[in-house]
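Numbering (the working numbering), first residue to last: 9 to 109.
From the three backbone atoms N, C-alpha and C, an ideal C-beta is built for every residue, glycine too.
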Ligand SMILES: [Zn+2]
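The structure is reproduced here in structure tokens:
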């Protein structure tokens, strides 16, 4: 069995960004579509894709405690860690792990 990790890097909008209120929901919807597409492609190959929370380097303790936790790729949580206590809002990302058939 081969696995490959791929960071789902993205420029997550921050609450301090101009227009944050307007475009954060669009961004989230786009991002979810992208994850769903990756999941679909992996499954079409007979593989499976796991989505793991990757805590930000400056993440709060609640987020760090969730680092490496699996999330549902069919419904990725936003923010990644709902218990996040950071004043900037959760800045964690996800890593995808494709498990080859
Ligand atoms: Zn976080």
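- If you compare the alpha carbons of 49, 45, 50, 89 with that of residue 61, the shortest gap goes to 89.
- By the criterion of a C-beta distance shorter than 6 Å, residue 71 is surrounded in its chain by 63, 89, 92, 100, once the five residues flanking it on both sides are discounted.
- For residue 94, the shortest separation between its Cβ and any heavy atom of ligand 1 lies below 7 Å.
- Per DSSP, residue 42 is one residue of the alpha helix (DSSP H) stretching across 28 to 52.
- With a 10 Å radius around the Cβ and a threshold of 16 neighbouring Cβ atoms, residue 77 comes out exposed.
- The Cβ atoms of residue 109 and residue 27 do not sit closer than 8 Å to each other.
- Around the beta carbon of residue 30, fewer than 16 other beta carbons sit within 10 angstroms, so the residue counts as exposed.
- Residue pairing for residue 65: DSSP places it in no beta bridge.
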